[in-house]
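S.K.: In my numbering, the protein residues as written are 339 to 1629.
A virtual CB, placed ideally from N, CA and C, is assigned to each residue, including glycine.
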């Protein structure tokens, strides 16, 4: 026989500060001495734990619409208490109910064996805990928070720090004290997604009570302070002054509303009773009567357990005090929320209240309990079906059918509703997303799948397979990519699996043979990185099949796939245990199809069978091992072995289960060998386990920057993560490069004025050449993933400065990138030339890879890899390249290698010291263009010695107390000041030059994020804004955008000096217009109302209609068989003298081939005729000339890249290449004024198409040039007025 001897050991112990040892509720413990009481009432008025009072009109608050349609104050809408791992929510207008951990329950409730209780007492609901916390809310106006005395000095928030000091109440979360109420309130604000709120007012900015009305409302509220009134007994316990003041204020702002008056008085009543003061009845049938529910009557001091239903006192601790409220009539009993007959009393079971007949599921949905008419609760076992999940939906726990969608193989789709189809597109498609969520509490999400041809199947694959899966949820984008095992891209940053985002709201990890992304609302996405994708959503997202983005239903698969680009499928072979759960027929059919097309490829066979295996295991079916060493063996990585049912948390590295929620199911995959541990992606020895920190996984030795680059955290060999403060330098940006976050110095090169150059490496020089030069381009890019680009600047003598200018300025900026050439030209505001075609800004090319738009005073071209080029169309050019181009640039902007001493690098890589040699080396030769390479040293023009007046003008740049002072530490102003003085001096004090010089510094400062105050005045450098706009030193182009504008450009997150739209006007990309004059935005282009544009192949003509829609129609094409002269385009209205022009081409059959070609182009203006033949010989008004030529009426003729360009600044450009290509471009404002073979616009805005009964030659005959007669002319010329009439009659 064994004996056990137990001993009791005692140690010295004493209660803490503000505690005493006493018995409470039958338990001896250290109890708090005293209590702290905080009240929030009315608008809201706050009285802190330390009895300090303040008003903060922003618990969750809302504007008090019960007061008026345009309320000036706020009131409590919701009170939430988090304690012991539970969240309890009391919400306005939900009497008798409480939400506990997301589930709606009837009051009262009892949690954690009485540690937390919630019940109704009098006119308010109460939440209490076993340690003395007490929270009350009357669901309208008044909130009270009571904490025991041992929390003295241990609280924070709007109720204060409870330290008996009224002077430090406004304590911020970091412990610092502020005097500013708004700062204090905003610091304790909890961000709620998609909720718009305000931080209230402070001091003089708060609404005030009219002095004339105040006396009236003081009389109403005086019952609170009346020394002979019903509240007199409370005056010595709680000072009524603040309650009286708050009452007057609220009643005044509500213009005497009686409900507000009664709530204000009741607030004092509640607090007095909470302190144990006995208050006599203050209500009368005519003054603030309390409406009681059926079977009850008002009492100023009612006890909730006076006549309780049986079992009520088992679920709550009956208060020993009374409270104003409603008491049950005789023969009625209190059930927790109201008074009922004995046989209708509620049931009370395991801390919950059940109404008669109500059924409630247990937390795991394994038991269903029902309240019977006898008052007993009967429970029976239950369980969710295989395709259901136990989850909360709209506040109620239940078995919810989950939607499972699979995409596998070629791809085969099985939708959420088990419909199957095959859709073999190789684009990027929306597999699933939350739709029609308005008015619900469902979370938006999107799952996108990018497919590619399945080259693993053959060199010429006939089917497609998933290449990438992207999930957008909670503002995050998570991307799983084929062949990137163990990695995931989160918001553009590559990370090791697993990851945990938003405190567990989103998790991603590896499970078995696939990667998994899960959310806290039930979305689950898996991808095996090869063949199979599964999307699971909870049942509350149920919707229709084959639904298009506009909500319509289609039966056509191509329409469905091509428009919504959506839904799902599956694959597999039969496993007997699963057949009754998932029908194997479609999997078998898909397997045969894929294996057949792959000509028996065994990998395809194995993936097809595995797809069925994955889906069966997801439904909880136990599948025995189907693989063998010779049939579909699964190759496991080092230190692991195959298991048909492996658990990822069986042998986890320390900390892994903190970052992910370990699945309760198993999955086919690889399990770790003995003495090896799973680190999230593979099996390693214990000392090689990863670190897990703030939701991320770090490999040993890996260092990762925080999102703002303010902290660098490193995983040490001991498994700990050590973090240290860091920051980026002033010329660096915290950005993602190649999937990695880092401090990247961007290269910024500026070209301004005469021109003055500041290179990427901050070296400065002046180069006054008037030719065309490479400013910057990508060099030595072989073996990198960098994108090639080129920025070219054409300079000209600055005639705006004088008739005989000594310096040059930028005339044109051209950017070549992604196969496109974009040209910004001086004096062409709002326009850009793209690949030889004039377009209105903004434009979007290559699906956003290149964008061009107007921002502030300049035009911008940006790319998706970080190149940014700006040009103000006059004076200033800026080229910005991301830091990964360091050492990979060349041109006049330098090589960006952090070395100022080798800037003058020639195209062959050699370095020169001679500026002219350097400049000339980067000159781009333009045939027939005469230009100069500028000056150097002593030969450059100099400023007169007396330059003090100009230094005074420019000193605004360097003034330490001036508007640019904030920028001095970011960008040294010295070179800008020097350039300003030089340019203004040479222009002999020209004010425009001065303003442009100062603006150059302004632009660069704003580009570096410096906030510059307004430096312009009505008399000093005023900025003339176009119609319907006004100047702002910091304007945002997307502040009031036309609809569709933000679809074509990525709205900048910064502001820039420029012109902002007036009220009721909207930015269309170049100016401010009324809503009905907003432009159209279509396929990356901007169309003005009425503008028509031909597609690149001239097969389609698209027109922007007055409704804002773009209508496109096919155009006529075909062969021209007859020689002759044809009017290509002309101004139809001869009355437009100044704008009139006409273009004619002649076709001849030359040589033995008989092929017809353009032998000459004739361009006519009012007093000018230009003739160009196929050899590019040129005549002006019959006189042969050499090019280039600048004519007095703004017409220029020049040769560029084997193409003659004829251009008139007011809106016409004709190009004629040696390859016989003729391109005619007219400006937007001329679009509806022209006609000819290139197209004609009628007043309706439609284009007259080539009638179907005409051939192309017959159509062209209608545009024979009458002053170039042929034998065919009179016979064949078509009367287009007749055609228009015919067309109208046909329509």
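(1) Count the other C-beta atoms from every protein chain shown that fall within 10 angstroms of the C-beta of residue 1358, then say buried if there are 16 or more, exposed otherwise.
(2) For residue 1377, does the three-state DSSP call read helix, strand or coil?
(3) Who are the Cβ neighbours of residue 979 in its own chain at under 7 angstroms, not counting the five residues just before and after it?
(4) Do residue 1485 and residue 1496 count as a contact pair if the criterion is CB distance below 8 angstroms?
(5) Measuring straight from C-alpha to C-alpha, what distance separates residue 1038 and residue 853?
(6) Check whether the Cβ atoms of residue 1319 and residue 1325 lie closer than 8 angstroms to each other.
(7) Taking the alpha carbon of residue 451 as the reference point, which residue from 607, 585, 653 has its own alpha carbon closest?
(8) Assuming contact is defined by CB atoms lying nearer than 8 angstroms, are residue 785 and residue 814 in contact in what I supplied?
(9) Could you compute how far the alpha carbon of residue 865 sits from the alpha carbon of residue 850?
(10) Using only alpha-carbon positions, find the residue among 1175, 1376, 1194 that is nearest to residue 1344.
(11) Could you please give me the residues that DSSP links to residue 282 through a beta bridge?
(12) Whole angstroms is fine: what's the gap from residue 362's alpha carbon to residue 612's?
(13) Which one or two residues does DSSP pair with residue 1452 in a beta bridge?
(14) What do you get for residue 1632, buried or exposed, if any count of 16 or more other CB atoms within 10 angstroms of its CB means buried?
(15) Over what stretch of residues does the beta strand (DSSP E) that includes residue 486 continue unbroken?
(16) Would you kindly report the start and end of the unbroken beta strand (DSSP E) that includes residue 768?
(17) Span of the beta strand (DSSP E) holding residue 750?
(18) Does the distance from the C-beta atom of residue 594 to that of residue 631 stay below 8 angstroms?
(19) Give me, in chain order, the residues of the same chain whose beta-carbon lies closer than 6 angstroms to that of residue 495; leave out the 5 immediate sequence neighbours on both sides.
(20) Determine contact between the region 561-577 and the region 600-614, defined as no fewer than three beta-carbon pairs at a distance below 8 angstroms.
(21) Expressed to the nearest angstrom, what Euclidean distance is found between the alpha-carbon atoms of residue 855 and residue 788?
(22) Which same chain residues, not among the five before or five after residue 1257, have their C-beta less than 8 angstroms away from its C-beta?
(23) Take residue 944 as the anchor and find which of 955, 926, 960, 956 has the nearest alpha-carbon.
(24) Can you grab the Cα-Cα spacing for the pair residue 357 / residue 512, in whole Å?
(25) Indicate whether residue 823 and residue 775 have their beta-carbon atoms separated by less than 8 angstroms.
(26) Excluding the five sequence neighbours on either side, which residues of its own chain have a C-beta within less than 6 angstroms of the C-beta of residue 875, listed in chain order?
(27) With a cut-off of 8 angstroms on the beta carbons, I'd call residue 1028 and residue 1036 a contact; round off their distance for me.
(28) Rounded to a whole number of angstroms, what is the C-alpha to C-alpha distance between residue 872 and residue 754?
(29) Using the Cβ count rule (16 or more neighbours within 10 Å means buried), how would you classify residue 887?
(30) Can you tell me whether residue 1556 is buried or exposed? The criterion is at least 16 other CB atoms within 10 Å of its CB, across all chains shown.
(31) Hey, would you say residue 724 sits closer than 8 angstroms to residue 863, going by beta carbons?
(32) If you follow the alpha helix (DSSP H) that residue 550 is part of, which residue opens it and which one closes it?
(33) Grab the span of the alpha helix (DSSP H) containing residue 783 for me, first residue to last.
(34) Please report the distance separating the alpha-carbon of residue 929 from that of residue 940.
(35) Just curious, the beta strand (DSSP E) that residue 360 is in, first and last residue?
(36) Report all residues from its chain with a CB closer than 8 angstroms to the CB of residue 487; omit the five preceding and five following residues, and keep chain order.
M.R.: From the atom records:
(1) One-based indexing of the chain shown puts residue 1358 at position 1020. With fewer than 16 Cβ atoms within 10 Å of its Cβ, residue 1358 is classed as exposed.
(2) The count along the chain shown starts at 1 and reaches residue 1377 at position 1039. Looking at residue 1377 - three-state DSSP - the assignment turns out to be coil, as it is neither helix nor strand.
(3) Residue numbering aside, residue 979 sits at position 641 when the chain shown is read from its first letter. Contacts found: 1008, 1009, 1011.
(4) Taking the chain shown and counting its residues from 1, the one referred to as residue 1496 is at position 1158. Taking the chain shown and counting its residues from 1, the one referred to as residue 1485 is at position 1147. Their beta carbons are under 8 angstroms apart, which means residue 1496 touches residue 1485 by this criterion.
(5) Here residue 1038 is taken as the residue at index 700 of the chain shown, counted from 1. Here residue 853 is taken as the residue at index 515 of the chain shown, counted from 1. When rounded, the distance between both Cα atoms is 22 angstroms.
(6) Translated into positions along the chain shown, residue 1319 becomes position 981. Translated into positions along the chain shown, residue 1325 becomes position 987. Contact: no.
(7) As a first step, residue 451 must be located in the chain shown, where it is residue number 113. With distances taken between Cα atoms, residue 451 lies closest to 653.
(8) As a working note, residue 785 is residue 447 in the chain shown. As a working note, residue 814 is residue 476 in the chain shown. Not in contact: residue 785 and residue 814 (Cβ atoms no closer than 8 angstroms).
(9) As a first step, residue 865 is located in the chain shown; it is residue number 527 there, counting from the start. As a first step, residue 850 is located in the chain shown; it is residue number 512 there, counting from the start. Cα to Cα, the separation comes out at about 11 angstroms.
(10) Walking along the chain shown from the start, residue 1344 turns up at place 1006. The residue with the shortest Cα to Cα distance from residue 1344 is 1194.
(11) For the chain, the structure presents residues 339 to 1629; residue 282 sits outside this window and is missing.
(12) One-based indexing of the chain shown puts residue 362 at position 24. One-based indexing of the chain shown puts residue 612 at position 274. Their Cα atoms are separated by approximately 18 angstroms.
(13) Against the chain shown, residue 1452 aligns to sequence position 1114. BP columns for residue 1452 point to 1438.
(14) With the chain covering 339 to 1629 only, the question about residue 1632 has no answer from this structure.
(15) In the chain shown, the residue the question calls residue 486 occupies position 148. Element bounds for residue 486: 480-486.
(16) Stepping through the chain shown from its first residue, residue 768 is reached at position 430. Following the DSSP letters along the chain, one finds residue 768 inside the beta strand (DSSP E) bounded by residues 766-771.
(17) Taking the first residue of the chain shown as position 1, residue 750 is located at position 412. Its beta strand (DSSP E) spans residues 750-752.
(18) Looking up residue 594 in the chain shown gives position 256. Looking up residue 631 in the chain shown gives position 293. Cβ atoms of residue 594 and residue 631: not closer than 8 angstroms.
(19) Looking up residue 495 in the chain shown gives position 157. Excluding residues within five positions, the ones whose Cβ falls inside 6 angstroms are 526.
(20) yes
(21) Position 517 of the chain shown, counted from the start, is the residue given in the question as residue 855. Position 450 of the chain shown, counted from the start, is the residue given in the question as residue 788. Going by the C-alpha atoms only, they are around 17 angstroms apart.
(22) Start at 1 with the first residue of the chain shown, and residue 1257 comes out as number 919. 1105, 1107, 1111, 1230, 1271, 1272, listed in sequence order.
(23) On the chain shown, position 606 is the one that residue 944 refers to. Measuring from the Cα of residue 944, the nearest candidate turns out to be 926.
(24) Taking the first residue of the chain shown as position 1, residue 357 is located at position 19. Taking the first residue of the chain shown as position 1, residue 512 is located at position 174. Distance between the alpha carbons of residue 357 and residue 512 is about 27 angstroms.
(25) Start at 1 with the first residue of the chain shown, and residue 823 comes out as number 485. Start at 1 with the first residue of the chain shown, and residue 775 comes out as number 437. With respect to the 8 angstroms criterion, residue 823 and residue 775 are not classified as neighbours on the basis of their beta carbons.
(26) Numbered from 1 along the chain shown, position 537 holds the residue referred to as residue 875. Once the five neighbours on either side are set aside, the close Cβ partners of residue 875 are 741, 861.
(27) Walking along the chain shown from the start, residue 1028 turns up at place 690. Walking along the chain shown from the start, residue 1036 turns up at place 698. About 6 angstroms separates the two Cβ atoms, so the contact holds.
(28) On the chain shown, position 534 is the one that residue 872 refers to. On the chain shown, position 416 is the one that residue 754 refers to. Near 10 angstroms, if we compare the C-alpha coordinates of residue 754 and residue 872.
(29) Along the chain shown, read from residue 1 onward, the residue named residue 887 stands at position 549. In this prediction, residue 887 has a pLDDT of 47, which is less than 50 and means its spatial position is unreliable; nothing more can be read from the coordinates.
(30) Position 1218 of the chain shown, counted from the start, is the residue given in the question as residue 1556. Exposed, because fewer than 16 other Cβ atoms sit within 10 Å of the Cβ of residue 1556.
(31) Start at 1 with the first residue of the chain shown, and residue 724 comes out as number 386. Start at 1 with the first residue of the chain shown, and residue 863 comes out as number 525. The answer is no: Cβ separation not under 8 angstroms.
(32) Taking the chain shown and counting its residues from 1, the one referred to as residue 550 is at position 212. Unbroken alpha helix (DSSP H) run through residue 550: 549-559.
(33) For the purposes of this step, residue 783 is taken as residue 445 along the chain shown, with counting starting at 1. Looking at the DSSP string, residue 783 is not in any alpha helix (DSSP H); the run it does join, the beta strand (DSSP E), is 783-791.
(34) Taking the first residue of the chain shown as 1, we reach residue 929 at position 591. Taking the first residue of the chain shown as 1, we reach residue 940 at position 602. About 11 angstroms.
(35) On the chain shown, residue 360 is found 22 positions in, with the first residue counted as 1. Counting along the chain, the beta strand (DSSP E) containing residue 360 begins and ends at 357-362.
(36) What you label residue 487 is simply residue 149 of the chain shown in a count that begins at 1. So the list reads 356, 357, 370, 371, 372, 373, 374, once near-sequence residues are dropped.
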